[in-house]
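Taking it in order: structure first as C-alpha coordinates, then the write-up.
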Amino acid sequence: MDPAVKKYIDKQKSPQKKIIRKLRRIVLKAYPKIKEEMYVGVPWYGGMFYLVALKDHVNMGFAIKGMKNKEMDLFEGRGKMMRHLKFFTLKDIDEKTIVRLMRIVKRYYKGSCHASH
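Quick note, the sequence shown lines up with residues 11 to 127 if you use this note's numbering.
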(Lines of atoms letter the chains of each structure in order from A; the text may use other names.)
(Lines give C-alpha, C1' and ligand atoms only; values in the text may rest on other atoms or scores of the structure.)
Protein backbone atom coordinates (compact mmCIF):
# COMPACT_ATOMS: atom_id res chain seq x y z
CA MET A 11 0.00 0.00 0.00
CA ASP A 12 1.21 3.47 -0.83
CA PRO A 13 2.39 4.96 2.53
CA ALA A 14 0.44 8.18 1.94
CA VAL A 15 -2.74 6.20 1.21
CA LYS A 16 -2.21 4.17 4.39
CA LYS A 17 -1.79 7.38 6.41
CA TYR A 18 -4.98 8.82 4.87
CA ILE A 19 -7.01 5.71 5.67
CA ASP A 20 -5.56 5.29 9.17
CA LYS A 21 -6.52 8.85 10.19
CA GLN A 22 -10.21 8.40 9.28
CA LYS A 23 -12.86 7.85 11.93
CA SER A 24 -15.35 4.99 11.83
CA PRO A 25 -17.42 4.06 9.94
CA GLN A 26 -15.59 5.91 7.14
CA LYS A 27 -12.34 4.01 7.80
CA LYS A 28 -14.05 0.62 7.48
CA ILE A 29 -15.96 1.73 4.39
CA ILE A 30 -12.81 2.99 2.64
CA ARG A 31 -10.93 -0.21 3.50
CA LYS A 32 -13.69 -2.35 2.03
CA LEU A 33 -13.99 -0.24 -1.13
CA ARG A 34 -10.21 -0.31 -1.55
CA ARG A 35 -10.22 -4.12 -1.30
CA ILE A 36 -12.92 -4.28 -3.99
CA VAL A 37 -10.90 -2.06 -6.35
CA LEU A 38 -7.68 -4.01 -5.79
CA LYS A 39 -9.43 -7.37 -6.13
CA ALA A 40 -10.94 -6.31 -9.48
CA TYR A 41 -7.71 -4.63 -10.69
CA PRO A 42 -4.72 -6.07 -8.76
CA LYS A 43 -2.14 -4.11 -10.80
CA ILE A 44 -3.91 -0.74 -10.68
CA LYS A 45 -1.77 2.24 -9.64
CA GLU A 46 -2.70 3.46 -6.16
CA GLU A 47 -1.63 7.00 -5.30
CA MET A 48 -2.62 10.12 -3.42
CA TYR A 49 -3.88 12.90 -5.68
CA VAL A 50 -5.51 16.14 -4.51
CA GLY A 51 -5.42 14.76 -0.97
CA VAL A 52 -7.33 11.50 -1.50
CA PRO A 53 -6.56 7.95 -2.72
CA TRP A 54 -6.86 7.47 -6.49
CA TYR A 55 -6.76 4.26 -8.48
CA GLY A 56 -5.45 4.32 -12.03
CA GLY A 57 -6.81 7.84 -12.57
CA MET A 58 -10.27 6.24 -12.86
CA PHE A 59 -11.54 5.93 -9.29
CA TYR A 60 -11.10 7.79 -6.02
CA LEU A 61 -12.15 7.35 -2.40
CA VAL A 62 -12.85 10.28 -0.10
CA ALA A 63 -14.01 10.27 3.52
CA LEU A 64 -16.51 13.02 4.23
CA LYS A 65 -18.26 14.09 7.44
CA ASP A 66 -20.83 11.28 7.56
CA HIS A 67 -20.07 9.07 4.55
CA VAL A 68 -17.56 8.02 1.89
CA ASN A 69 -17.75 8.91 -1.79
CA MET A 70 -16.31 6.61 -4.41
CA GLY A 71 -15.65 8.62 -7.55
CA PHE A 72 -15.68 7.27 -11.08
CA ALA A 73 -14.31 8.76 -14.31
CA ILE A 74 -17.27 9.07 -16.69
CA LYS A 75 -15.82 10.95 -19.67
CA GLY A 76 -17.08 9.49 -22.93
CA MET A 77 -19.99 7.58 -21.42
CA LYS A 78 -23.50 7.67 -22.81
CA ASN A 79 -26.11 9.49 -20.71
CA LYS A 80 -27.78 6.20 -19.82
CA GLU A 81 -24.55 4.96 -18.24
CA MET A 82 -23.75 8.29 -16.56
CA ASP A 83 -27.15 8.12 -14.88
CA LEU A 84 -25.98 5.03 -12.94
CA PHE A 85 -23.89 7.41 -10.79
CA GLU A 86 -24.73 10.30 -8.48
CA GLY A 87 -23.77 13.89 -9.23
CA ARG A 88 -23.79 15.90 -12.42
CA GLY A 89 -20.08 16.20 -13.22
CA LYS A 90 -18.91 15.97 -16.82
CA MET A 91 -15.65 14.16 -15.94
CA MET A 92 -16.38 12.46 -12.61
CA ARG A 93 -19.44 11.16 -10.77
CA HIS A 94 -19.72 9.24 -7.53
CA LEU A 95 -21.59 6.85 -5.26
CA LYS A 96 -22.19 7.57 -1.56
CA PHE A 97 -21.71 5.01 1.20
CA PHE A 98 -22.98 5.74 4.72
CA THR A 99 -22.53 2.21 6.14
CA LEU A 100 -20.77 -1.02 5.20
CA LYS A 101 -24.21 -2.42 4.33
CA ASP A 102 -24.50 0.17 1.54
CA ILE A 103 -21.64 -1.54 -0.32
CA ASP A 104 -22.77 -3.95 -3.04
CA GLU A 105 -19.57 -5.44 -4.44
CA LYS A 106 -21.17 -6.80 -7.62
CA THR A 107 -22.63 -3.40 -8.50
CA ILE A 108 -19.35 -1.60 -7.82
CA VAL A 109 -17.39 -4.06 -9.96
CA ARG A 110 -19.95 -3.72 -12.77
CA LEU A 111 -19.65 0.08 -12.65
CA MET A 112 -15.84 -0.09 -12.58
CA ARG A 113 -15.94 -2.27 -15.70
CA ILE A 114 -18.12 0.31 -17.46
CA VAL A 115 -15.60 3.02 -16.54
CA LYS A 116 -12.69 0.88 -17.74
CA ARG A 117 -14.42 0.35 -21.09
CA TYR A 118 -14.55 4.11 -21.75
CA TYR A 119 -11.35 5.14 -20.01
CA LYS A 120 -8.90 6.88 -22.36
CA GLY A 121 -6.47 8.42 -19.89
CA SER A 122 -6.18 9.91 -16.47
CA CYS A 123 -8.64 12.43 -15.12
CA HIS A 124 -5.66 13.98 -13.33
CA ALA A 125 -4.71 17.36 -14.71
CA SER A 126 -1.03 16.51 -14.20
CA HIS A 127 -1.06 13.27 -16.23
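Backbone N, C-alpha and C define an ideal beta-carbon position, used for all residues, glycine too.
On the three-state DSSP scale, how would you describe methionine 82?
helix
Should leucine 64 be labelled buried (16 or more other beta-carbon atoms within 10 Å of its own) or exposed?
exposed
Can the beta-carbon of alanine 40 be found less than 9 angstroms from the beta-carbon of arginine 117?
no
Could you have a look at lysine 101 and say whether DSSP puts it in helix, strand or coil?
helix
Where glycine 57 and aspartate 12 are concerned, what is the direct C-alpha to C-alpha distance, given to the nearest angstrom?
Rounded to whole angstroms, the separation of the alpha carbons of aspartate 12 and glycine 57 is 15 angstroms.
I'd like the span of the alpha helix (DSSP H) that includes tyrosine 18, first residue to last.
Segment 13–20, the alpha helix (DSSP H) holding tyrosine 18.
Could you check what DSSP says for proline 53 in three-state terms: helix, strand or coil?
Here proline 53 sits in strand by DSSP.
Check for me: the beta strand (DSSP E) holding leucine 33 runs from which residue to which?
No beta strand (DSSP E) holds leucine 33; the alpha helix (DSSP H) holding it covers 26–40.
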